[in-house]
Each structure stands twice: as structure tokens, then as C-alpha cells.
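Remarks on the structure that follows.
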Amino acid sequence: MSSEHSANGSSWPEDIIAQRTALICTRRRMRVFAVIWAIGFFLKEAQAWGFRNGIFHNSIWLEQAAGVYHRESRKGRYQLTYKEAKAVCKYEGGTLATYDQLEAARQIGLHVCAAGWYDKGRVGYPIVKAGANCGFGRVGIINYGYRLNKSERWDVYCYNPNSKECGGTLTDQQRIIQSPGYPEEYQDEQICYWHIRVRYGQRIRMHFLEFDVEEDTACLSDFLEIYDSYDDITGFAGRYCGDYLPDDLISTGNVMTLKFLSDASVVAGGFQMEYIAVNSSLLHFQNDTSCCFT
Numbered sequence: 064m065s066s067e068h069s070a071n072g073s074s075w076p077e078d079i080i081a082q083r084t085a086l087i088c089t090r091r092r093m094r095v096f097a098v099i100w101a102i103g104f105f106l107k108e109a110q111a112w113g114f115r116n117g118i119f120h121n122s123i124w125l126e127q128a129a130g131v132y133h134r135e136s137r138k139g140r141y142q143l144t145y146k147e148a149k150a151v152c153k154y155e156g157g158t159l160a161t162y163d164q165l166e167a168a169r170q171i172g173l174h175v176c177a178a179g180w181y182d183k184g185r186v187g188y189p190i191v192k193a194g195a196n197c198g199f200g201r202v203g204i205i206n207y208g209y210r211l212n213k214s215e216r217w218d219v220y221c222y223n224p225n226s227k228e229c230g231g232t233l234t235d236q237q238r239i240i241q242s243p244g245y246p247e248e249y250q251d252e253q254i255c256y257w258h259i260r261v262r263y264g265q266r267i268r269m270h271f272l273e274f275d276v277e278e279d280t281a282c283l284s285d286f287l288e289i290y291d292s293y294d295d296i297t298g299f300a301g302r303y304c305g306d307y308l309p310d311d312l313i314s315t316g317n318v319m320t321l322k323f324l325s326d327a328s329v330v331a332g333g334f335q336m337e338y339i340a341v342n343s344s345l346l347h348f349q350n351d352t353s354c355c356f357t
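In terms of my numbering, the sequence shown has 181 at position 118, counting the first letter as 1, and numbering is strictly consecutive.
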């Protein structure tokens, strides 16, 4: 019997036992480190996105994102040359946002799925959480880079820390939404976005209290648009103008977007509406579904 074995001949040599013990300890330490790292990573991510009061959203949402805001032409999306984009910001007392200002706004919740001019002739847009329809599956500033052709047409990102923005991101269970300046007449040349997000398993019931928006045949001058989604890319539900009171609407999910636009001509009394978060299960007991998105 080899002298490397103990008397009973069934145990490993002491040097091998020591090596195995050291290996086991090393693996355990690596597992502990991996668990600690994973927890740390999760907590870091949770600071940006997570559940709070049953709502999955960014940790900080501000109605004005660090003075940065998105604008589009009155003609619609992607209609501004670089020169026109600068003029839009200047008209409102601001300037083109810098990359750092756009990123600072993104970090506190600015999420817009629309490419726009910012300073030094660059084009991009801020994405907080990647989606299938926006951001190419990435987060951050989706940067199209410096554009040699300044006649290209995009939207614009302006910076004005003193601007009085309309719209915002709303997560309350119940909230009144009003046109800018209500009950006074709204001003001309306004673009406002309200992004509503309630708890998972809930839907949003929108009830109109007052409505008076400049009327034309196709609602091209002033209008309120509603989307059954968290942006104005998908889920278009309707465009409203005039002084008739629209019917109630109920979202298909827990998000809804409102977009209000006024041109540079006639103004009107504005609107006031209220949304209420309702549990989806309760809607099955209602007979009238004509109000709901399809």
C-alpha cells in the first residue's frame, strides 16, 4: 500500500484533500460574490425602473425634464430644417438643447420616440426604456450624429429652464387634465403631451367635462388627439375639435397618451377632462362597451 494513503486505504492523500477544500472554498466565495453583484445590479436598476405603488415606471418623472422639451412643426412630425428648428426654440425663449442637457433630461424621465435636432447640427432622441417600436432595443440618446445636410427635416429638442410646459407624465389613480391656462382661453402655438400610466391590471376611463377647441372640417388647426398607448406612434384612437362633448373612452391597457396642438390663429375656451383608473375585472359587468377602444 502506498505511503500516500492512510491506514484504511480509502481516503485521499492530504495534499489532494487540501486542494479540493481550497477549490470548494473558492467556488463558494465566487458564488457569494456573484449573488452580491447581482443584488447590487438589481438595486441599481431598480432605482431607475421598478414597481412603486403597483406602477412600473422610472424612479423620477418630472413634467418638465430639466428644461428640455420636444417640439414638432405645426405641419406634423419631421418637418423642421435645422434653421427652422433653431427658430422654434428661439421664439419660445430657448435654445437648441445640448447633448448633455438631453441626457440629463433623459435620466430623469424624458422619453420621446421622435428624432429631433439638437445643438451643433446633430439629430437624436432620448429613450428611457427600450421598446419594440422605438430605440432599436436600446436606451440612452439614440444619436443619428452630425448632419451635413441641414435641409433634412426632423423635430427639435429645445432647452429653456424657465419654460412653462404643458402636459406631463401622470400616474395618479384619478386626475383632472386641463388645457393650458384653463379656464381662460388657451394660447396659440401650443403642443402638449400627457402620458398616463396606472397600475397593471387597471384601465383608464376618460370623461370629458368641458370641451371647446377651434373647429374646422378636418381638425387640422387646433385639436386633441388620444392614443391607446404610451406614445403617439401607435394606438391612435381619435382626433377632436369643436365644442361638442366627446363620449367617454376606456383604454385597453394601463397607458394612454393625449396630445394637444394649437396653431397661430384662432383660440378657444379649452377643455377639462378627468381620468379614473378602474380595475379591468369590473368592466366585465358593464353592458355598454361603445366607449371603449377597439
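In this text, a Cβ means the ideal position worked out from N, Cα and C, and glycines have one as well.
The structure displayed is predicted, hence computed values, not measured ones.
Inset, instruction - Sort Ser284, Cys221, Leu272, Leu173 by Cα distance to alanine 193 and report the nearest one. - result: Of the listed residues, the one whose Cα sits closest to alanine 193 is Leu173.
Legend entry - Beta-carbon spacing of alanine 129, glutamine 164 below 8 Å: In this structure, glutamine 164 lies closer than 8 Å to alanine 129 by Cβ.
Inset, instruction - May I ask you to report which of helix, strand or coil DSSP gives isoleucine 123? - result: Per-residue confidence for isoleucine 123 stands at a pLDDT of 28, beneath the threshold of 50, marking its modelled position as unreliable; the derived number appears in the next sentence. Isoleucine 123: coil per DSSP, three-state reduction.
Inset, instruction - Within its chain, find whatever has a CB closer than 8 Å to the CB of alanine 168; leave out the 5 residues flanking it on each side and keep chain order. - result: These residues qualify, in order along the chain: Ala128, Ala129, Gly130, Val131, Ala160, Pro189.
Legend entry - For phenylalanine 274 and asparagine 317, the rounded distance between their alpha carbons: Cα to Cα, asparagine 317 sits roughly 24 Å from phenylalanine 274.
Legend entry - Proximity below 8 Å, CB of arginine 302 to CB of glutamate 288: In contact: arginine 302 and glutamate 288 (Cβ atoms closer than 8 Å).
Legend entry - Local conformation of cysteine 168 per DSSP, three classes: Checking the displayed sequence, the identity of residue 168 turns out to be alanine instead of cysteine. Taken through DSSP and simplified to helix, strand or coil, alanine 168 comes out as helix.
Legend entry - Boundaries (first-last residue) of the alpha helix (DSSP H) holding alanine 193: No alpha helix (DSSP H) contains alanine 193, which DSSP labels as neither H nor E.
Legend entry - Nearest-angstrom Cα separation, counted from cysteine 304 out to tryptophan 124: At tryptophan 124, the pLDDT of 33 sits below 50, so the modelled position is not reliable and the matter cannot be decided from this model.
Inset, instruction - Please confirm if the region 144-158 is in contact with the region 177-188, defined as three or more CB-CB distances below 8 Å between the two stretches. - result: The region 144-158 vs the region 177-188: in contact.
Legend entry - CA nearest to the CA of cysteine 255, picked from Asp291, Thr320, Ala331, Gln170: Out of Asp291, Thr320, Ala331, Gln170, the CA that lies nearest to the CA of cysteine 255 is found in Thr320.
Inset, instruction - Can you say whether asparagine 342 is buried or exposed, counting buried as having 16 or more other CB atoms within 10 angstroms of its CB? - result: Flag for asparagine 342 reads exposed.
Legend entry - Cβ-based neighbour list, aspartate 433, same chain, cut-off 8 Å, excluding 5 preceding and 5 following: The structure shown does not extend to residue 433, since the chain is modelled only from 64 through 357, so no value can be given for it.
Inset, instruction - Tell me, please, which residues DSSP counts as bridged to asparagine 342. - result: Asparagine 342 is bridged by DSSP to Gln265.
Legend entry - threonine 280 classed as buried or exposed, judged by whether at least 16 other C-beta atoms fall within 10 angstroms: Answer is exposed; the Cβ neighbour count stays below 16.
Inset, instruction - Throw me the rounded Cβ distance for the glutamine 236 and alanine 150 pair, which I believe falls under 8 Å. - result: Between glutamine 236 and alanine 150 a beta carbon distance of about 41 Å is seen, past the 8 Å cut, so the two are scored as non-contacting.
Legend entry - Where isoleucine 239 falls, given that 16 or more other Cβ within 10 Å makes a residue buried: Under this definition isoleucine 239 is an exposed residue.
Inset, instruction - Round the Cβ separation of tyrosine 141 and arginine 216 to the nearest angstrom and send it over; I've been treating them as touching at under 8 Å. - result: Right, the Cβ-Cβ distance comes to about 5 Å (below 8 Å), so this counts as a contact.
Inset, instruction - Classify glutamate 328 as buried or exposed, calling it buried when 16 or more other Cβ atoms lie within 10 Å of its own Cβ. - result: With the sequence shown as reference, residue 328 is identified as serine, and glutamate is not the correct amino acid for it. Serine 328 comes out exposed.
Legend entry - Per-residue DSSP class, three states only, for glycine 333: Strand, per DSSP.
Legend entry - Where glutamine 359 falls, given that 16 or more other Cβ within 10 Å makes a residue buried: Shown here, the chain extends from 64 to 357; a query on residue 359 therefore has no answer.
Inset, instruction - Measure the Cβ-Cβ separation of threonine 232 and histidine 258 and say whether it is below 8 Å. - result: Taking 8 Å as the cut-off, the Cβ atoms of threonine 232 and histidine 258 count as close.
Inset, instruction - Assuming alanine 331 and glutamate 277 form a contact by the criterion Cβ under 8 Å, report the distance between their Cβ atoms to the nearest whole angstrom. - result: With a Cβ gap of about 5 Å, alanine 331 and glutamate 277 count as contacting.
Inset, instruction - Using three-state DSSP, classify lysine 322 as helix, strand or coil. - result: Strand at lysine 322.
Legend entry - Other residues of its chain near histidine 133: CB distance less than 7 Å, five sequence neighbours each side excluded: Setting aside the 5 residues that flank it on each side, histidine 133 is surrounded in the same chain by Val175, Ala177, Gly179, Asp218, Tyr220, each with a C-beta closer than 7 Å to its C-beta; the list follows chain order.
Inset, instruction - Along the alpha helix (DSSP H) that carries valine 151, what are the first and last residues, could you check? - result: Note, valine 151: alpha helix (DSSP H), 145-154.
Legend entry - Cα-Cα separation, tyrosine 263 to threonine 234: Between tyrosine 263 and threonine 234, the alpha-carbon positions lie close to 12 Å from each other.
Legend entry - Cβ shell of glycine 230 (< 6 Å), same chain only, five flanking positions each side left out: Counting only residues of its own chain and dropping the five nearest sequence neighbours on each side, glycine 230 has a CB closer than 6 Å to the CB of Cys255, Tyr256, Trp257.
Inset, instruction - Pull up the CB-CB distance for leucine 324 and phenylalanine 299, whole angstroms please, since I reckon it's below 8 Å. - result: With 8 Å as the limit, leucine 324 and phenylalanine 299 do not qualify as a contact, their Cβ atoms being about 14 Å apart.
Legend entry - Separation of tyrosine 222 from proline 246, as counted between CA atoms: Rounded to whole angstroms, the gap between the alpha carbons of proline 246 and tyrosine 222 is 28 Å.
Inset, instruction - Could you check what DSSP says for glycine 301 in three-state terms: helix, strand or coil? - result: Residue state, collapsed to three classes: strand.
Inset, instruction - Take the Cβ of serine 292 as the centre, count every other Cβ of all protein chains shown within 10 Å, and call the residue buried at 16 or more, exposed below. - result: It counts as buried.
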